[in-house]
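**Q**
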Amino acid sequence: MTQSYDAVVIGGGHNGLVSAAYLARAGMKTLVLERRHVLGGAAVTEEIFPGFRFSVFSYVVSLLRPEIIRDLQLPKHGLDILPLDGTLTPLHKGDGPKAGGGDYLWRVNDHGRTVRELRRWSAADGEAYEEYGQLMVEMARFIKPILAITPPDLTSLDPRPLMPLAGLARRFQALPQRQQAVFVQLMTMSASEFLDQWFETDPLKATMSASGIIGTYQGVKSPGTAYVLLHHYMGEIDGAFRAWGIPKGGTGGVSNAIGSAAQALGAEIRLNAPVARVIVKGGRAVGVALESGEEIHADSILSSLDSSRTFLGLLEPGTLDHSFEEEVRRFKFRGSSGKVNLAVDRLPDFTCLPGEGEHLRGAISFSPSIDDMETAYDDAKYGHFSRKPYIDMIIPTLVDPSMAPPGKHVISCFVQYAPYKLAPELGTWDDQREAFGDAVIDRIAEFAPNIRDIILHRNVQTPLDIERTTGLTEGNIFQGELSLEQLFFNRPVPGYARFRTPVRDLWLCGSSTHPGGGIMGANGRIAALEVLKARGRKAA
Amino acid sequence: MAEGTQTDPINATNGYDAIVVGGGHNGLVAAAYLGKAGLRTVVLERRDTLGGAAGTSELAPGARVPTLAHTVGRLRPSVVRDLELKRHGLSLVGPDVRVFAPGPDGDAIVLWGDVARTSDGLRGRSAADAQRYADFDRLVRSLSGFLGEIAGETPPDIESPGLGDALAGLRLGRTFRGLGRQDGRTITRVLPMAIADFVAESFETDALQAAIAWRAIQYTAMGPWSAGTTAVLLADSAGNDGGAAGQTVFARGGPGALVSALAAAATEAGVEIRTGTEVAHITSRDGRATGVVLAGGEELTARAVVAGIDPKRTLTRLADPVAVGPSLLWRAGNIRTPGTVVKVNLVLSGLPRFTAAGDETRLLRGRIVIAPGIDAMERAHDDAKYGRPSGAPIMEATIPSLADPSLVEGAAPGTHVMSVIVQAAPYALRDGTWDDAREVFGDLVVKTLDGYAPGLAGLVTARQVITPPDLERDYGLTGGHPMHGEHGLDQFFLWRPLLGHARYRFGLDGLYLAGAGAHPGGGLTGQNGQNAAREIIGDLRRRRPG
Chain A
22 MTQSYDAVVI GGGHNGLVSA AYLARAGMKT LVLERRHVLG GAAVTEEIFP GFRFSVFSYV
82 VSLLRPEIIR DLQLPKHGLD ILPLDGTLTP LHKGDGPKAG GGDYLWRVND HGRTVRELRR
142 WSAADGEAYE EYGQLMVEMA RFIKPILAIT PPDLTSLDPR PLMPLAGLAR RFQALPQRQQ
202 AVFVQLMTMS ASEFLDQWFE TDPLKATMSA SGIIGTYQGV KSPGTAYVLL HHYMGEIDGA
262 FRAWGIPKGG TGGVSNAIGS AAQALGAEIR LNAPVARVIV KGGRAVGVAL ESGEEIHADS
322 ILSSLDSSRT FLGLLEPGTL DHSFEEEVRR FKFRGSSGKV NLAVDRLPDF TCLPGEGEHL
382 RGAISFSPSI DDMETAYDDA KYGHFSRKPY IDMIIPTLVD PSMAPPGKHV ISCFVQYAPY
442 KLAPELGTWD DQREAFGDAV IDRIAEFAPN IRDIILHRNV QTPLDIERTT GLTEGNIFQG
502 ELSLEQLFFN RPVPGYARFR TPVRDLWLCG SSTHPGGGIM GANGRIAALE VLKARGRKAA
Chain B
283 MAEGTQTDPI NATNGYDAIV VGGGHNGLVA AAYLGKAGLR TVVLERRDTL GGAAGTSELA
343 PGARVPTLAH TVGRLRPSVV RDLELKRHGL SLVGPDVRVF APGPDGDAIV LWGDVARTSD
403 GLRGRSAADA QRYADFDRLV RSLSGFLGEI AGETPPDIES PGLGDALAGL RLGRTFRGLG
463 RQDGRTITRV LPMAIADFVA ESFETDALQA AIAWRAIQYT AMGPWSAGTT AVLLADSAGN
523 DGGAAGQTVF ARGGPGALVS ALAAAATEAG VEIRTGTEVA HITSRDGRAT GVVLAGGEEL
583 TARAVVAGID PKRTLTRLAD PVAVGPSLLW RAGNIRTPGT VVKVNLVLSG LPRFTAAGDE
643 TRLLRGRIVI APGIDAMERA HDDAKYGRPS GAPIMEATIP SLADPSLVEG AAPGTHVMSV
703 IVQAAPYALR DGTWDDAREV FGDLVVKTLD GYAPGLAGLV TARQVITPPD LERDYGLTGG
763 HPMHGEHGLD QFFLWRPLLG HARYRFGLDG LYLAGAGAHP GGGLTGQNGQ NAAREIIGDL
823 RRRRPG
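Protein chains in written order, with my numbering: chain A, 22 to 561; chain B, 283 to 828.
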């Protein structure tokens, strides 16, 4: 006999788990089905090499919504985020400020210290940094509520869903005009042109603009990237904007905490339970069939898989009408980033700041100039991985030694660009994986020459590997490009941004939906609340 | 500011209702409407000739070229009607071929005014493309139609309590819903899209994608992969019969003839026009614009000062910085004007023979677009974004003398003129200056054309190369940007040129913007001047003096 649930959540990524937790919390009998042997989707920790544990794909957290941390009491379930202090941008010899004092740019969480460091480069930038920082916090404050609303359908004849928009407009009007203008610029400009308005220091602009292109197939000069800049500014740890941290035990630690919270609230979680398809009867989703052949019935089905995997992978052909399917196919994924995980027997030694020290405890950003960032993108545009890629390096073992054997370290390198679709002459990613890894190591060696001598093991994750392991289409870590036409009421399909799908009782709750990707959990939460509303249940 | 800026309009003896700074086409359109409304109006043009970027000049004895812009098909029909431009001498000629886009391989994409004819021609390349072209044209017309209606409206007031409704679609919504549900959803999706993605949704042939994408990047510092270029394409077809192919309409006598017609209409409406008259600065008192001081020191006062020139220049060069205030001055200083266009004018001793056209010279009557592929366009942009003139420039050429022989009637028989608008030539060069690069780039442009029309280089008897710094110096276009400001999503509609200053009232009370820097942007539409005049007339009627 087949089991029956109030709700089945497909996929045990962080969003699926958040949905499950909120549904269970409201008293729904909820089951989470995860294909792999570990929870977390792209937010997993795995021991790739004996004794060395890695956040295999994603690597830092700051976007996780505080209301979720509160509602689900995640700290009680083991969530412990260790703050990262600052960002070091190593430069080539002689590229430091004219005034001298070291060929690097080093910003830390201590605002005063950062401003002093910036003055080393430019008095004007030191001053602008204060103003800019405040402005971005204002912007983040303004946009935060947008992360929690369900996007309206502009063409709907029912005015009610438009009300949040009108409310937004009123809040917008309450802003001073300059902030209104800056908000519009954030939604439309390129990260580099946006920053040009305040700063002149090239490595500063390059490093700041980097957060405008993370996870996108765009360059720092591409219109629309300023939004992603803000998207990453939303990060919030203990209420402090733009503070990033790494979860104890890796990003899998976040997933496990949410999973344990969901279970504590009564949700069931099954690992190694790949879903073959969603069972649709009379236009309604009534359950799922596992690859094992087992069928599970449920009143509501939530898929945390991306829109492509859900609509084109889990539904019988012909379930959706042609024009909707066309829109689904149009949704752009275009994974553009890779990950290089290193096990090392000692720390990298940077020419610009030799030896060990707190400069290694934060993020290390290989972004010496705007041109370096943009040329890295130019390679990708024509189907080549960046010859001199942008790298965001973290050494988690410096804040969480439990990740490696005593004395040893793990290094996490987020790398852009690595376009999912390679130029024909390059063949496949299986042919290029190690060449890509070499390009990354070469780039690091330009600034930390000892890198080659300290590597014990190297693990290269290409967009193809990310797709194979996590199921993320084209290896896009955000379940769909964060480009302007794929945000808010267009995400993932115009007219279907409200987590509902054309199939009754089938819902999306992953990053393909508003407000997009990152370990944020907002999607899973809003989706669950929409399901509860549709079921006439109160969110507990 | 100098004492001279403190004036009292009440005691002014030479008081006008409106002073229009800049006699470009939008300035003249605004002036003509103001004059027709019975307002005492004067137009002040720094140069000796009117028209700004719209002009015709003699490059060689008896051979006249469109100095900068070469087609006038975006002109709003309502402007032509209201100002009776035909009666004032405007005569238009539109060839049935819109675009001829030769490829390096000797064949070409041809876009005709007639959709069926175009898709017939495409069948040879791709049956699928041929079949989809009509739908694509319908979609472009539907979406551009919406933008065309928006173009005729003053953007909503962001301060008004009704903004929420406006944005929620209740005001714009009527127009919006006119699109129907499908297109209504489509437009929110495609406006911010990169044109390369938009054309790829319909077509598989790279050459066709590029021929259509051309208008989406023309006059911008963007490539086909830049977000928002789809909006540029749709805006180019807004309010005209362009559709997917885009308009190709010439004024007999060149764009200068359009300017003469506008000037005649304005003069007949009682407008005073003064050329060779440079405005040194805009005077203001208590934060209100009161008039202008001319370079010669002469002072004119008016109830409204109307800038036909670009917004950046207006606020950062002509207005009193104290009156404008630091915050707005900072914003105005950040208006993006990355000029990337070079104009090359040629006098040819004979008609060039394009390999892909063979002897079918009628194919050369429209716009000849040299943009062989989306990647080629993007690579040209790659050069420009690093401050290099493109080594493989992309361009749009016309041979107006084919449709309008009057342009060469004074020259030797067989003479033709060619007008070439070249992209990816950045205002700011990393190495060297445009004075050094001008003729080198001119040679490259001719050489490029010669590759498609062997022998063309040998036909050139006169050549003129106008670079972005020339556009700034000679035409007062900041950054050499012909559109008075980039056509980017960040300078669009409600925030063109600046959020809170998009309703043609600009910066100071009594100061207005009527040029291309205002909504709906650049191009010879006359729409900006028409919209601005509507607002000015309303304001001046509301507050009669005394």
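Each residue gets a CB set at the ideal place from its N, CA and C atoms; glycine is no exception.
At the level of alpha carbons, what is the spacing between GLY557(A) and THR135(A)?
**A** Each residue's alpha carbon lies about 51 Å from the other.
**Q** Applying a beta-carbon distance threshold of less than 8 Å, which residues of chain B neighbour GLY245(A)?
**A** Neighbours of GLY245(A) on chain B, chain order: PRO474, ALA509, GLY510 and LEU771.
**Q** Under 9 Å between the Cβ atoms of VAL541(B) and VAL561(B)?
**A** Taking 9 Å as the Cβ cut-off, VAL541(B) and VAL561(B) do not qualify as a contacting pair.
**Q** Answer yes or no: does any C-beta atom of chain A fall closer than 9 Å to that of TYR668(B)?
**A** For TYR668(B), the answer is yes, since a Cβ of chain A falls inside 9 Å of its Cβ.
**Q** Just to confirm, is the Cβ distance from LEU341(B) to VAL629(B) under 9 Å?
**A** Yes, these two residues count as a Cβ contact at 9 Å.
**Q** Can you tell me whether THR512(B) is buried or exposed? The criterion is at least 16 other CB atoms within 10 Å of its CB, across all chains shown.
**A** Buried, by the Cβ-count rule.
**Q** Which whole runs of the beta strand (DSSP E) in the segment 362–432 of chain A are 3 residues long or more, in chain order?
**A** Runs of the beta strand (DSSP E) inside the segment 362–432 of chain A: 384–387 and 411–415.
**Q** Under a Cβ-count criterion, where at least 16 other Cβ atoms within 10 Å of its own Cβ denotes burial, should TRP612(B) be classed as buried or exposed?
**A** The residue in question, TRP612(B), is exposed, as its Cβ has fewer than 16 Cβ neighbours within 10 Å.
**Q** Counting only beta-carbon atoms, is PRO515(A) nearer than 9 Å to chain B?
**A** So, interface residue.
**Q** Around the Cβ of PRO470(A), are there at least 16 other Cβ atoms within 10 angstroms (buried) or fewer (exposed)?
**A** So PRO470(A) counts as exposed.
**Q** Could you name the residues of chain A that ILE432(B) contacts, counting a contact when the two beta carbons are closer than 8 Å?
**A** Ordered by position in chain A, no residue passes the 8 Å Cβ test against ILE432(B), which lies about 14 Å from the chain.
**Q** Tell me whether the beta-carbon of TYR786(B) lies closer than 9 Å to the beta-carbon of VAL587(B).
**A** Against a cut-off of 9 Å, the Cβ pair of VAL587(B) and TYR786(B) comes out as no contact.
**Q** From the beta carbon of ALA278(A), is the nearest beta carbon of chain B less than 9 Å away?
**A** False, the Cβ-Cβ gap to chain B never drops below 9 Å.
**Q** Under a Cβ-count criterion, where at least 16 other Cβ atoms within 10 Å of its own Cβ denotes burial, should ILE818(B) be classed as buried or exposed?
**A** Label assigned to ILE818(B): buried.
**Q** Jot down the residue ranges of each uninterrupted beta strand (DSSP E) in the segment 519–596 of chain B, minimum 3 residues, whole runs only, in chain order.
**A** You should have 554–556, 561–567, 570–576 and 581–589.
**Q** What's the C-alpha gap between GLY99(A) and ILE69(A)?
**A** Straight-line Cα distance between these residues: approximately 22 Å.
**Q** Measuring alpha carbon to alpha carbon, tell me which residue in ASN293(A), LEU292(A) and VAL309(A) is nearest VAL299(A).
**A** Of ASN293(A), LEU292(A) and VAL309(A), the residue nearest in Cα terms is VAL309(A).
**Q** Starting from GLY782(B), find everything on chain A with Cβ-Cβ shorter than 8 Å and list it in chain order.
**A** Under the 8 Å cutoff, chain A gives GLN198, GLN201 and ALA202.
**Q** Strictly under 9 Å for the Cβ-Cβ distance: is ARG351(A) near chain B by that measure?
**A** It does: the Cβ of ARG351(A) has a partner Cβ on chain B nearer than 9 Å.
**Q** In its own chain, which residues sit with a C-beta less than 7 Å from the C-beta of SER79(A), not counting the 5 before and 5 after it?
**A** The answer, listed in chain order, is ALA63, ALA64, THR272, ILE498 and ILE540.
**Q** Could you spell out where the alpha helix (DSSP H) holding TRP612(B) opens and where it closes?
**A** TRP612(B) -> alpha helix (DSSP H) spans 608–615.
**Q** Which of helix, strand or coil does DSSP assign to SER357(A)?
**A** Coil.
**Q** What are the residues in the segment 396–422 of chain A lying within 8 Å of chain B by C-beta distance?
**A** Flagged, chain order: ASP399, LYS402 and TYR403.
**Q** Report all residues from its chain with a CB closer than 6 Å to the CB of PRO185(A); omit the five preceding and five following residues, and keep chain order.
**A** The answer, listed in chain order, is ILE170.
**Q** Should SER533(A) go down as buried or exposed, given a rule of 16 or more other Cβ atoms within 10 Å for buried?
**A** It is buried - the Cβ of SER533(A) has at least 16 other Cβ atoms within 10 Å.
**Q** Starting from ARG618(B), find everything on chain A with Cβ-Cβ shorter than 8 Å and list it in chain order.
**A** What ARG618(B) touches in chain A: GLU214.
**Q** Between ASP664(B), LEU357(B), ARG380(B) and ALA383(B), which lies nearest to LEU372(B) when the distance is taken from Cα to Cα?
**A** Ranking the options by Cα distance to LEU372(B), first place goes to LEU357(B).
**Q** Relative to the C-alpha of LEU806(B), which candidate in GLY536(B), GLU431(B) and PHE418(B) has its C-alpha closest?
**A** Nearest of GLY536(B), GLU431(B) and PHE418(B) to LEU806(B), Cα basis: GLY536(B).
**Q** Just checking: is the beta-carbon of GLY99(A) within a distance shorter than 9 Å of some beta-carbon in chain B?
**A** No - not a single Cβ of chain B is within 9 Å of the one on GLY99(A).
**Q** Closer than 9 Å, CB to CB, is GLU67(A) near chain B or not?
**A** Not one chain B Cβ lies under 9 Å of GLU67(A).
**Q** Given a cut-off of 9 Å, decide if THR565(B) and ASP592(B) are closer than it, judged by their beta-carbon atoms.
**A** In this structure, THR565(B) does not lie closer than 9 Å to ASP592(B) by Cβ.
**Q** With a threshold of 7 Å on Cβ separation, who are the neighbours of ARG141(A) within its own chain once the five nearest residues in sequence on each side are excluded?
**A** Excluding sequence neighbours, ARG141(A) sits near PRO118, ALA120 and GLY122.
**Q** From ILE469(B) to ASP463(A), what distance separates their C-alpha atoms?
**A** Straight-line Cα distance between these residues: approximately 45 Å.
**Q** Could you name the residues of the same chain whose beta carbon sits closer than 7 Å to that of ILE472(A), not counting the 5 residues immediately before and after it, in chain order?
**A** Answer for ILE472(A): PRO369, ILE462, ILE465 and ALA466, listed in chain order.
**Q** Between which two residues does the beta strand (DSSP E) harbouring ASP320(A) extend?
**A** 316–324 is the span of the beta strand (DSSP E), which, as asked, contains ASP320(A).
**Q** Run through the DSSP bridge pairs and tell me what VAL629(B) is partnered with.
**A** VAL699(B) and ALA744(B).
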